[in-house]
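Novice: Residue 14 is where the sequence shown starts when you use my numbering, and the numbers rise one by one after that.
Questions regarding the structure given below will be posed in turn.
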Amino acid sequence: MGKRLLFSVGVLVLLFGCRKDQIVQTPLQSTTPVAFPQPSNFPKASLPADNPLTKEGIKLGRHLFFEKRLSGDNSQSCGSCHFQENNFADPRQFSVGIDGSIGDRNAMILSNLAWQSFFFWDGREQSMEDQALKPVENPIEMKAHWPDVIEKLKADPYYQEMFENAFGPNAITKENAAKAIAQFERMMVSSDSKYDQWKRGEYQFTQIEEDGYVIFNSEVGDCFHCHGDLNTGNIFGAYGDLQFSNNGLDSILKPNTGYEVVTLDSNDRAKFKIPSLRNVDYSFPYMHDGRFTTLQEVIEFYNTGGHVTYTTDPNMKAAGVGKNWSVYTKSALLAFLKTLSDDNFLNDTTFSDPW
Numbered sequence: 014m015g016k017r018l019l020f021s022v023g024v025l026v027l028l029f030g031c032r033k034d035q036i037v038q039t040p041l042q043s044t045t046p047v048a049f050p051q052p053s054n055f056p057k058a059s060l061p062a063d064n065p066l067t068k069e070g071i072k073l074g075r076h077l078f079f080e081k082r083l084s085g086d087n088s089q090s091c092g093s094c095h096f097q098e099n100n101f102a103d104p105r106q107f108s109v110g111i112d113g114s115i116g117d118r119n120a121m122i123l124s125n126l127a128w129q130s131f132f133f134w135d136g137r138e139q140s141m142e143d144q145a146l147k148p149v150e151n152p153i154e155m156k157a158h159w160p161d162v163i164e165k166l167k168a169d170p171y172y173q174e175m176f177e178n179a180f181g182p183n184a185i186t187k188e189n190a191a192k193a194i195a196q197f198e199r200m201m202v203s204s205d206s207k208y209d210q211w212k213r214g215e216y217q218f219t220q221i222e223e224d225g226y227v228i229f230n231s232e233v234g235d236c237f238h239c240h241g242d243l244n245t246g247n248i249f250g251a252y253g254d255l256q257f258s259n260n261g262l263d264s265i266l267k268p269n270t271g272y273e274v275v276t277l278d279s280n281d282r283a284k285f286k287i288p289s290l291r292n293v294d295y296s297f298p299y300m301h302d303g304r305f306t307t308l309q310e311v312i313e314f315y316n317t318g319g320h321v322t323y324t325t326d327p328n329m330k331a332a333g334v335g336k337n338w339s340v341y342t343k344s345a346l347l348a349f350l351k352t353l354s355d356d357n358f359l360n361d362t363t364f365s366d367p368w
């Protein structure tokens with residue numbers, strides 16, 4: 014196991030230690046700093062000063078992400094519901110907890126989180142560190158108690174060593190566990206899709222991909238208002254002022270849904286976090302409740318325009334009317350969306366289970 018772990022650390026150093034346009038934070042004196050892999054065509058990521066990226070912290074976070082002892086019965090880890098091949102989302106409509114409990118939300122993707130300001134579909138947490146704490150104690154997810162988890166980790170000499178290397182002596186706490194997981198997740202940067210290569214002048218769109226890009230970024234498609242590179246800095250998801258939206262999925266809005274659970278304002282009813290479209294071809298099913306299985310279904314939904322309610326996003330200009338897209342328009346949109354796939358990220362063993 015020792016050689017394998019040393020190799021994993023070496024891969025991290027090679028992968029993240031020599032990228033262009035990097036952001037370097039100042040870590041604790043006893044740790045090894047790791048530069049954040051800032052893509053040149055992305056806006057600058059916002060990184061917390063109180064949780065700098067370190068080789069030791071990322072290594073610990075990777076192990077904790079795939080550690081099943083974080084669950085009540087030692088059967089599930091974060092990686093049990095966030096699969097790398099699915100852009101660290103869950104291909105099931107709803108994830109299943111340790112005792113068979115099933116929720117009502119599709120597990121969100123975890124890539125490019127360093128550019129996010131809110132977490133979970135309803136935005137109830139505003140930091141990755143706070144987000145990382147919640148699934149462990151959620152009764153329909155990992156259903157554990159942090160004090161019990163900490164005792165399990167303290168009983169393992171290997172975790173004693175990793176926590177001390179990352180955060181100093183007597184460092185096995187839930188707060189440090191969350192920090193380590195957040196460090197590992199921040200390194201999950203997907204920025205080498207055909208789209209990115211096109212932005213860098215390394216790839217030429219096919220005609221249908223180029224047409225899809227134009228449709229996406231025009232009033233014909235209207236996609237760019239929430240997802241596009243015209244106003245979200247190539248993130249293709251929630252960024253800047255527009256974080257939550259009711260895209261007209263339902264004609265009847267259930268109380269206390271979406272961002273309303275945070276703000277307690279009925280004007281935020283059914284407004285859910287706008288997800289990134291990067292690797293969207295792999296992050297099925299779609300929408301907060303996973304109601305659509307394929308991208309074709311998603312495109313057809315937007316073609317119908319969605320439902321008009323008092324919180325429906327005004328950018329849904331065709332709500333209640335429909336877009337009446339041609340077959341080619343829909344095919345072009347699909348072709349462009351597929352250019353957002355980053356196979357290198359989806360297969361990068363740096364993010365795989367180290368055990």
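Where a beta carbon is used, it is the ideal one built from N, C-alpha and C, also for glycine.
Do K267 and W134 have their CB atoms nearer than 7 Å?
Specialist: Reading the sequence shown from its first residue, position 254 is the one you call residue 267. Reading the sequence shown from its first residue, position 121 is the one you call residue 134. No. Outside cutoff.
Novice: Counting only runs of 4+ residues fully inside the segment 152-182, write out the alpha helix (DSSP H) ranges in chain order.
Specialist: The qualifying runs are 159-167, 170-180.
Novice: Please classify V37 as buried or exposed, where buried requires at least 16 other C-beta atoms within 10 Å of its C-beta.
Specialist: In the sequence shown, counting from the first residue as 1, residue 37 sits at position 24. Model confidence at V37 stands at a pLDDT of 47, short of 50, so the residue's coordinates are unreliable; what they give is reported in the following sentence. Its Cβ having fewer than 16 others within 10 Å, V37 is exposed.
Novice: For F197 and G113, what's the separation of their Cα atoms in angstroms?
Specialist: Taking the sequence shown and counting its residues from 1, the one referred to as residue 197 is at position 184. Taking the sequence shown and counting its residues from 1, the one referred to as residue 113 is at position 100. If you take the alpha carbons of F197 and G113, they lie about 28 Å apart.
Novice: Between N292, E273, L262, L66, which lies nearest to T322 when the distance is taken from Cα to Cα?
Specialist: Taking the sequence shown and counting its residues from 1, one reaches residue 322 at position 309. Here the closest residue by C-alpha is L262.
Novice: May I ask which residues mark the beginning and end of the alpha helix (DSSP H) holding K212?
Specialist: Indexing the sequence shown from 1 puts residue 212 at position 199. It spans 207-212 - the alpha helix (DSSP H) in which K212 sits, taken as one unbroken run.
Novice: Could you spell out the range, first to last residue, of the alpha helix (DSSP H) harbouring S344?
Specialist: Within the sequence shown, numbered from 1, the residue matching residue 344 stands at position 331. Taken as a continuous stretch (DSSP letters only), the alpha helix (DSSP H) holding S344 covers 340-351.
Novice: Quick check on the DSSP output: the alpha helix (DSSP H) that includes P367 runs from which residue to which?
Specialist: The residue labelled residue 367 in the question sits at position 354 within the sequence shown. Neither: P367 is in no alpha helix (DSSP H) and is coded neither H nor E.
Novice: So does the segment 284-299 actually touch the segment 152-172, counting three or more Cβ pairs closer than 8 Å?
Specialist: Segments in contact, no.
Novice: Find out if the Cβ-Cβ distance for the pair D294, K336 is shorter than 7 Å.
Specialist: Locating residue 294 in the sequence shown gives position 281, where the first residue counts as 1. Locating residue 336 in the sequence shown gives position 323, where the first residue counts as 1. Taking 7 Å as the Cβ cut-off, D294 and K336 do not qualify as a contacting pair.
Novice: Given a threshold of 16 other Cβ atoms within 10 Å of its Cβ, counted over all protein chains shown, does D63 qualify as buried or as exposed?
Specialist: To locate residue 63, count along the sequence shown from 1; it is residue 50. So D63 ends up on the exposed side.
Novice: Ordered along the chain, which non-local residues of its own chain (more than five positions away) have a Cβ less than 8 Å from that of K343?
Specialist: Locating residue 343 in the sequence shown gives position 330, counting from the first residue. Counting only Cβ-Cβ distances below 8 Å, and skipping sequence neighbours, we find Q309, I312, E313, N316.
Novice: In whole angstroms, give me the CA-to-CA distance for G303 and S108.
Specialist: Mapped onto the sequence shown, residue 303 falls at position 290. Mapped onto the sequence shown, residue 108 falls at position 95. Answer to the nearest angstrom: the Cα atoms are 11 Å apart.
Novice: Given a threshold of 16 other Cβ atoms within 10 Å of its Cβ, counted over all protein chains shown, does P65 qualify as buried or as exposed?
Specialist: The residue labelled residue 65 in the question sits at position 52 within the sequence shown. Result: buried.
Novice: Mapping DSSP to helix, strand and coil, what is S296?
Specialist: Here residue 296 refers to the residue found at position 283 of the sequence shown. S296: coil per DSSP, three-state reduction.
Novice: Going by alpha carbons, who is nearest to E223 out of A345, A48, P367?
Specialist: Within the sequence shown, the letter at position 210 stands for residue 223. The residue with the shortest Cα to Cα distance from E223 is A345.
Novice: Could you pull out every residue in the same chain whose Cβ sits closer than 6 Å to the Cβ of F132, ignoring the five residues on either side in sequence?
Specialist: Along the sequence shown, read from residue 1 onward, the residue named residue 132 stands at position 119. Only E138, Q144 meet the Cβ criterion.
Novice: At the level of alpha carbons, what is the spacing between F96 and A283?
Specialist: For the purposes of this step, residue 96 is taken as the residue at position 83 of the sequence shown. For the purposes of this step, residue 283 is taken as the residue at position 270 of the sequence shown. Between F96 and A283, the C-alpha separation is close to 27 Å.
Novice: Considering only C-alpha positions, which residue in the set L83, D366, L353 is nearest to I185?
Specialist: In the sequence shown, counting from the first residue as 1, residue 185 sits at position 172. The residue with the shortest Cα to Cα distance from I185 is L83.
Novice: Determine the extent of the alpha helix (DSSP H) in which N189 is found, giving its start and end residues.
Specialist: The residue labelled residue 189 in the question sits at position 176 within the sequence shown. Looking at the DSSP string, the run of the alpha helix (DSSP H) that includes N189 is 187-199.
Novice: Using the C-alpha atoms, what's the distance from S130 back to A120?
Specialist: Counting from 1 along the sequence shown, the entry for residue 120 is found at position 107. Counting from 1 along the sequence shown, the entry for residue 130 is found at position 117. Spanning the two alpha carbons is a distance of roughly 17 Å.
Novice: Hey, could you find the ends of the alpha helix (DSSP H) I221 is sitting in?
Specialist: By one-based count along the sequence shown, residue 221 stands at place 208. First-last of the alpha helix (DSSP H) with I221: 220-229.
Novice: For S148 versus M141, is the C-beta spacing smaller than 7 Å?
Specialist: Residue 148 sits at position 135 when you count from the first residue of the sequence shown. Residue 141 sits at position 128 when you count from the first residue of the sequence shown. Residue identity check: residue 148 is Pro in the sequence provided, not Ser. In this structure, M141 does not lie closer than 7 Å to P148 by Cβ.
Novice: Under the assumption that D326 contacts N280 (Cβ atoms under 8 Å), give the Cβ distance between them as a whole number of angstroms.
Specialist: Counting from 1 along the sequence shown, the entry for residue 326 is found at position 313. Counting from 1 along the sequence shown, the entry for residue 280 is found at position 267. Their Cβ separation, rounded to whole angstroms, is 12 Å, which puts D326 and N280 out of contact at 8 Å.
Novice: Once the 5 residues before and after D34 are set aside, which same chain residues still bring their CB inside 8 Å of it?
Specialist: As a working note, residue 34 is residue 21 in the sequence shown. Because D34 sits at a pLDDT of 45, beneath the cut-off of 50, its placement in the model cannot be relied upon, and the following sentence gives the value as read from the coordinates. Result list for D34: Q51, P52, S53, in chain order.
Novice: Between F79, S264, F257, which has its C-alpha nearest T276's C-alpha?
Specialist: Along the sequence shown, one-based indexing puts residue 276 at 263. Of the candidates F79, S264, F257, the one whose C-alpha sits nearest the C-alpha of T276 is F257.
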